[in-house]
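Visitor:
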Amino acid sequence: MDIRFRSPAALFALAVIVLFSLFNRPVSAQETDPILEAVHNFRLQNYLAINAFYNYSSSRDPETLEEIVLAVNQANGFMQTIADARGEVLPEKGYQTLAAHFQDFKKLMNTNVTDVRNRGYADLRLVSELAEKAGELNQLGEELYDLAAERADLDLSPPAETAREASILLAQMMSQYSIFTSSTVAQVFQGGSDATPLDQKANDLNKLMEQLSALDAGPEASAALEEAYSAWQFIKDSYIKYNERNVSFVINRYSKKIIASLEAAIPTLGRKSTTQAPSD
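Shown next, in the form of structure tokens:
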């Protein structure tokens, strides 16, 4: 891990957070392919890391710094899972390319965090490089996800795939919103090479959320999806009217809540026999 806290108290706090996360992370490998689960979560954690950095660049809050470290640690773990489980499903070249880009991402993250800690502000050129690298990682991850599903000849669950798509899309949107509301990195217009306007992404996500809310997925998954949908209704207009720049803290909190609810529903959604579209 490249980014390290210097104070023992912060190290202890981080250890507690990491252990708590490991013991409380939903385990969906039993219902879905472990490679797909790992690639999905790898993409998600990288977006959570860069979102936390955008917020840290403005606040220099130690707790936000811990969020960066935790997300990168989690991404490290999922990268190791990909390495261990890839077998014949992922080509060596594709995996090595992803691993190399991830190393670059971590180095850029470390440099940017160090700049903020030592100088009090970020180098916009390096922040832009970090955003581009995050976009490249996401694109590579998406390509490898599709390739793994094709090579393994998996019969994927459409509801689970919709939930994963919604989770990644919202993580992208959250990081982009954090840019718009951060005075220190506001000149970095987007996280990566995706120039899709934020309001368009919000409308796309709204369609996905409506699809998920209409599912009959069993008590637990339906409750999680309903919770996600209700939270989305609360912040949807803030994403669509992003130029009004509502409080980023509130948007971040509800976005993370939605992502957590979607991720909690995925294991059940992956069991196709328990997930049915409602009858007309």
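Taking our numbering, the leading residue of the sequence shown gets 154, the next gets one more, and so forth.
Don't be surprised by glycine CBs; every beta carbon is placed ideally from N, CA and C.
For clarity, every value in this text was computed on a predicted model and none was experimentally measured.
(1) Return the chain-ordered ranges of every alpha helix (DSSP H) run that is complete within the stretch 355 to 418 and spans a minimum of 4 residues.
(2) Whole-angstrom Cβ separation of residue 331 and residue 208, contact assumed at under 8 angstroms?
(3) If we count the other Cβ atoms within 10 Å of its Cβ and call it buried at 16 or more, is residue 273 buried or exposed?
(4) Is the number of C-beta pairs between the stretch 361 to 375 and the stretch 308 to 316 that are closer than 8 angstroms three or more?
(5) Compute the Euclidean distance between the alpha carbons of residue 211 and residue 335, then round it to the nearest angstrom.
(6) Determine the direct distance from the alpha carbon of residue 250 to that of residue 229, and round the result to whole angstroms.
(7) Answer with buried or exposed for residue 202, where buried requires no fewer than 16 other C-beta atoms within 10 angstroms of its C-beta.
(8) Would you report the Cα separation of residue 257 and residue 405, rounded to the nearest angstrom?
(9) By how many angstroms is the C-alpha of residue 386 removed from the C-alpha of residue 222?
(10) Taking the C-alpha atoms as reference points, what is the distance between residue 326 and residue 233?
(11) Threshold first: 4 residues or longer. Then list the alpha helix (DSSP H) segments lying entirely within the stretch 238 to 295, N to C.
Guide: On the basis of the coordinates in this document:
(1) The stretch 355 to 418 contains, as complete alpha helix (DSSP H) runs of 4+ residues, the segments 372 to 393 (chain order).
(2) 6 angstroms
(3) exposed
(4) yes
(5) Roughly 6 angstroms between the two C-alpha positions.
(6) Going from the Cα of residue 229 to the Cα of residue 250 covers about 15 angstroms.
(7) buried
(8) Taking the straight line from one Cα to the other gives about 26 angstroms.
(9) One C-alpha to the other measures close to 30 angstroms.
(10) 27 angstroms
(11) DSSP runs (the alpha helix (DSSP H)) wholly in the stretch 238 to 295: 245 to 272.
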